[in-house]
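J.:
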């Protein structure tokens, strides 16, 4: 995938809604735009804008010119401080109108059995549902921790450890250029940083750091201390839980079973539209923030 930002068709953005919320997703059928449309109603237009990096770039580029554009992304690798700062000021048209979910992915909000277990299509108790979710999380724990280490090292390598060249007089021919480039890349300072970052000692230290953050110092992952929801990817966990016919069953009017993505969409829609089911706190807070903002006349 290239770094090019693909904006939606302008005709798609021209609707009765003056305010537009851009979210992650490849199409209108992605889970993020579907959930946000159900949650926020018709007061704001919700459009997918690709992956998180595209949305962040768009937010930085457009907020000065479009104060009625808002942007929402998954938590991914952002820190608690970065997340809470944007929630405290959102929406902030003088900054970038960017909000970051408090949990790792939107799907993580549906993993809590006190919410998902309220579905009328759930065939097991909330206690049983909780154990099934935790069973999958525990199986994925080491992989999720290792991926955090990789992301951390990958982000560190993106830093400007090596300064780019600025003097064309240093480059006289192909051979001298390759020699200078090799010497620079093999410089003691850079080589030392790379070696330190990739040493077994550093890797082990990072693994322990992220394992401790995810588990809060305990091997017993639970919903009593659900901070792991900020670090573990929930997309595959949710699809696995809802996809199991032993846990959830949805049938159409003819009695035929609804499966796969259609089943997931049906259950999520039913949960969000049922006024008797208490929604996750971040869903409620986001709705209040957006509703408050769209009542303010645009400058």
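Numbering (UniProt numbering), first residue to last: 1 to 299.
Every residue gets a Cβ at the ideal spot worked out from N, C-alpha and C, and that includes glycine.
From a predicted model like this one, the values you see are computed outputs, not experimental measurements.
Excluding sequence positions up to five away, which residues of its chain have a Cβ less than 7 angstroms from the Cβ of residue 287?
T.: Reading the chain shown from its first residue, position 287 is the one you call residue 287. Around residue 287: 39, 40.
J.: So, helix, strand or coil for residue 46, using DSSP?
T.: The count along the chain shown starts at 1 and reaches residue 46 at position 46. Of the three classes helix, strand and coil, the one that applies to residue 46 here is strand, per DSSP.
J.: Check each candidate in 119, 256, 224 and name the one with the smallest Cα separation from residue 270.
T.: As a first step, residue 270 must be located in the chain shown, where it is residue number 270. Nearest C-alpha to residue 270: 119.
J.: Just to confirm, does residue 65 get its C-beta within under 7 angstroms of one of the non-hydrogen atoms of the ligand MG?
T.: No copy of the ligand MG appears in this structure; indeed no ligand is present at all.
J.: Are the segment 174-190 and the segment 218-227 in contact at 8 angstroms, needing three or more beta carbon pairs?
T.: no
J.: Confirm, please, whether the CB-CB distance from residue 206 to residue 152 is below 8 angstroms.
T.: Within the chain shown, residue 152 is the residue found at index 152, counting from 1. Within the chain shown, residue 206 is the residue found at index 206, counting from 1. Yes. Within cutoff.
J.: Would the segment 81-95 and the segment 208-216 be scored as touching if the rule is three or more Cβ pairs under 8 angstroms?
T.: The answer is no - the segment 208-216 does not touch the segment 81-95, with fewer than three Cβ pairs under 8 angstroms.
J.: Scan the segment 137-219 and note each continuous alpha helix (DSSP H) run of 4 residues or more that stays entirely inside, going in chain order.
T.: 174-185, 188-198, 200-215
J.: Can you look up residue 251 in the DSSP assignment and give me helix, strand or coil?
T.: For this step, residue 251 is matched to residue 251 along the chain shown. Strand, per DSSP.
J.: Would you grab the beta carbon distance between residue 73 and residue 55 for me? Rounded to a whole angstrom, and I think it's under 8 angstroms.
T.: Within the chain shown, residue 73 is the residue found at index 73, counting from 1. Within the chain shown, residue 55 is the residue found at index 55, counting from 1. With a Cβ gap of about 5 angstroms, residue 73 and residue 55 count as contacting.
J.: Is residue 232 helix, strand or coil by DSSP?
T.: To locate residue 232, count along the chain shown from 1; it is residue 232. Residue 232: coil per DSSP, three-state reduction.
J.: In this structure, what does DSSP give as the bridge partners for residue 271?
T.: What you label residue 271 is simply residue 271 of the chain shown in a count that begins at 1. Its beta-bridge partners do not exist; DSSP assigns none.
J.: Could you tell me which of 227, 264, 250 sits nearest to residue 237, measuring between CA atoms?
T.: Taking the first residue of the chain shown as 1, we reach residue 237 at position 237. Here the closest residue by C-alpha is 264.
J.: My assumption, with CB atoms under 8 angstroms, is that residue 247 sits in contact with residue 135. Please give the rounded CB distance.
T.: As a position in the chain shown, residue 247 is number 247, starting the count at 1. As a position in the chain shown, residue 135 is number 135, starting the count at 1. The Cβ separation is near 12 angstroms, so there is no contact.
J.: Starting from residue 55, follow the alpha helix (DSSP H) in both directions and report where the run begins and ends.
T.: The residue given as residue 55 occupies position 55 in the chain shown. Its alpha helix (DSSP H) spans residues 52-62.
J.: Does DSSP classify residue 111 as helix, strand or coil?
T.: By 1-based counting over the chain shown, the position of residue 111 is 111. Coil, per DSSP.
J.: Between the beta-carbon of residue 105 and the beta-carbon of residue 234, is there less than 8 angstroms?
T.: As a position in the chain shown, residue 105 is number 105, starting the count at 1. As a position in the chain shown, residue 234 is number 234, starting the count at 1. Contact annotation: residue 105 and residue 234 have beta-carbon atoms nearer than 8 angstroms.
J.: Could you tell me whether the Cβ atoms of residue 36 and residue 71 are closer together than 8 angstroms?
T.: Residue mapping note: residue 36 aligns to position 36 of the chain shown, counting from 1. Residue mapping note: residue 71 aligns to position 71 of the chain shown, counting from 1. Going by C-beta atoms, residue 36 is not nearer than 8 angstroms to residue 71.
J.: Considering just the uninterrupted stretch of the alpha helix (DSSP H) at residue 39, what are its terminal residues?
T.: In the chain shown, the residue the question calls residue 39 occupies position 39. That run of the alpha helix (DSSP H) goes 31-40.
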